[in-house]
Amino acid sequence: MEELSDDVPLPKPALKVGIVYNLKKGIKAETPDAEAEYDNVTTVEAIDAALRSGGLQTVLLEADEELTSRLLREKPDFVFNIAEGFRGRGREAQIPALLNMLGIPFTGSDETTLCVCLDKALTKRLLATYNVRTPRYAVVGGDAPSALRSLTYPVVVKPVAEGSSKGITDICVAASRTELLELGRKEAALYGEPMLAEEYVRGREFTVGILGNGAEAKAFEPMEIIFKKHQRTDYNVYSYNVKQDYTKYVEYRCPPDVSPALDEEMKKTSLKIFSVLGCRDFSRVDFRLGEDGKLYFIEINPLPGLAPGYSDYPMLAEFCGVSYNELVLSVFRAGAKRCGLL
Numbered sequence: 397m398e399e400l401s402d403d404v405p406l407p408k409p410a411l412k413v414g415i416v417y418n419l420k421k422g423i424k425a426e427t428p429d430a431e432a433e434y435d436n437v438t439t440v441e442a443i444d445a446a447l448r449s450g451g452l453q454t455v456l457l458e459a460d461e462e463l464t465s466r467l468l469r470e471k472p473d474f475v476f477n478i479a480e481g482f483r484g485r486g487r488e489a490q491i492p493a494l495l496n497m498l499g500i501p502f503t504g505s506d507e508t509t510l511c512v513c514l515d516k517a518l519t520k521r522l523l524a525t526y527n528v529r530t531p532r533y534a535v536v537g538g539d540a541p542s543a544l545r546s547l548t549y550p551v552v553v554k555p556v557a558e559g560s561s562k563g564i565t566d567i568c569v570a571a572s573r574t575e576l577l578e579l580g581r582k583e584a585a586l587y588g589e590p591m592l593a594e595e596y597v598r599g600r601e602f603t604v605g606i607l608g609n610g611a612e613a614k615a616f617e618p619m620e621i622i623f624k625k626h627q628r629t630d631y632n633v634y635s636y637n638v639k640q641d642y643t644k645y646v647e648y649r650c651p652p653d654v655s656p657a658l659d660e661e662m663k664k665t666s667l668k669i670f671s672v673l674g675c676r677d678f679s680r681v682d683f684r685l686g687e688d689g690k691l692y693f694i695e696i697n698p699l700p701g702l703a704p705g706y707s708d709y710p711m712l713a714e715f716c717g718v719s720y721n722e723l724v725l726s727v728f729r730a731g732a733k734r735c736g737l738l
């Protein structure tokens, strides 16, 4: 990746930046991954320290029912948003919509993009019109039965509108239509939403980070997720449990051992997807390289996790020589520049 634009000066006097987030509370739930998308307080503290290292004033603002009154009281000039929201497939849009209503600029994609991208089926349907290759899929409980009949097994079954591998279990692959319907009904009852059935692509897995906007948007070198151990099946799936114990099950390689042509294809496709979906400031795009030699888009995260030492986005940035503090400040600069504050 080209050198980051850290020569762009921070505004003087320093802006007051509100960090808006959702915290893990340890609440008991029917599924172990109920709070998978939320952050630990250590992540919030790390972002806070990074922004302060750049000379910015910060204020911590938890995204709960009191957020609106806190925003009106604190009056931040800008918000660094990592909040996932509560309930429903439009939850990631809740905070951006509120901030837009209040006229407060913020990092990251707006509410429309976040709504589209959280719905995996809707994202794939839209990108198909731009000739982005993706595995064939169907929505269990949402599509016509003919869509399910067109699938080639095995298929990966996962909630249609969740992130952080939420709902992607160790036994999420169905080898037949009967298994698909049974697994789909069970998981839909647990997560309260339709399930996406996507043809399983045997092959290598990659993720690409994007930083910046417009012509200045750059792709980091792709990072390969290399599976060291299988779990309870013969399928390599980057599941919730694998991520929780990633040192045991996977290793990461960046840059990966791929041809220059494939490296360029992953970067160019990621930037195309980023642009088509209207993403802003930063995102992460996941791919599978099939045994047929073709690259398949799996999904995009326009609000990637920033947990230091754990999340894929800061991990791949570090492989590319970008420190955690530099990455957070670069995301801030991208958003602030886009909003005319730099």
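Numbers in the working numbering are just positions in the sequence shown, counted from 1, shifted up by 396. Glycine is no exception: its CB is placed at the ideal position from the N, C-alpha and C atoms.
Counted as a single uninterrupted DSSP element, the stretch harbouring Gly705 is not any alpha helix (DSSP H), since DSSP gives it neither H nor E. With the rule of 3 Cβ pairs closer than 8 angstroms, the stretch 504-524 counts as touching the stretch 479-492. Judged by beta-carbon spacing, Val633 lies beyond the 8 angstroms limit of Val556, meaning their Cβ atoms are not closer than that value.
Val553 places its beta carbon less than 8 angstroms from that of Met591. By the C-beta criterion, the stretch 454-464 is judged not to be in contact with the stretch 719-732, since fewer than 3 inter-stretch pairs fall below 8 angstroms. DSSP assignment within the stretch 565-652 yields the following whole beta strand (DSSP E) runs of 3 residues or more, N-terminal first: 591-595, 599-607, 619-623 and 646-649. Within the same chain, Val604, Ser666, Ile669 and Ile696 come within 6 angstroms of Val681 by CB-CB distance, once the 5 residues on both sides are set aside.
In the structure shown, Ser655 adopts coil according to DSSP, grouped into three states. Of all alpha-carbon atoms in Asp435, Lys624 and Phe474, the one lying nearest the alpha-carbon of Leu419 is that of Asp435.
DSSP places Ile415 in the strand class (E or B) of the three-state scheme. The Cβ-Cβ distance between Pro531 and Glu595 falls below 8 angstroms. Annotated as distal: Phe693 and Leu607, with beta-carbon spacing of 8 angstroms or more. When Glu558, Gly450, Arg466 and Val535 are compared, the shortest CA-CA separation from Phe482 is found for Glu558.
Straight through space, the alpha carbons of Ile500 and Val413 are spaced by roughly 10 angstroms.
Beta-bridge partners of Ser505 (DSSP): none assigned.
With at least 16 other beta carbons inside 10 angstroms of its own, Asn477 counts as buried. Residue Ile415 holds the alpha-carbon nearest to the alpha-carbon of Gln453 among Leu467, Ala479 and Ile415.
Contact annotation: Arg729 and Arg676 have beta-carbon atoms that are not nearer than 8 angstroms. Selection Glu470, Val437, Asp515 and Leu518 evaluated against Leu498 yields Glu470 as nearest (Cα-Cα).
Annotation: the stretch 468-508 contains the following complete segments of the beta strand (DSSP E) (minimum length 3 residues), in chain order: 474-477. For Glu461, no alpha helix (DSSP H) segment is defined, and its DSSP state is neither H nor E. With a 10 Å radius around the Cβ and a threshold of 16 neighbouring Cβ atoms, Glu612 comes out exposed. In this structure, Leu579 is the residue among Leu579, Pro656, Leu738 and Gln640 with its C-alpha nearest to the C-alpha of Val551. Here Glu617 is buried: its Cβ has 16 or more other Cβ atoms, across all protein chains shown, within 10 Å. Around the C-beta of Arg684, 16 or more other C-beta atoms lie within 10 Å, and the residue is accordingly described as buried. The alpha carbon of Leu523 has as its nearest neighbour, out of Leu702, Gly701, Ser671 and Gly717, the alpha carbon of Ser671. Between the C-alpha atoms of Arg649 and Ser719 there is a straight-line separation of about 17 angstroms. Looking only at Thr438, Glu660 and Asp444, the smallest Cα-Cα distance to Gly705 is reached by Thr438.
Judged by DSSP in its simplified three-state form, Thr665 adopts helix. Across the structure, Phe502 and Ala703 are spaced so that their CA atoms are roughly 19 angstroms apart. For Lys421, no beta strand (DSSP E) encloses it, and the DSSP letter there is neither H nor E.
The three-state reading of DSSP puts Tyr692 in strand, counting E and B together. Taking every protein chain shown into account, the CB of Ile423 has fewer than 16 other CB atoms within 10 angstroms, so this residue is exposed. Residue state for Leu522 is assigned as helix, using DSSP reduced to three classes.
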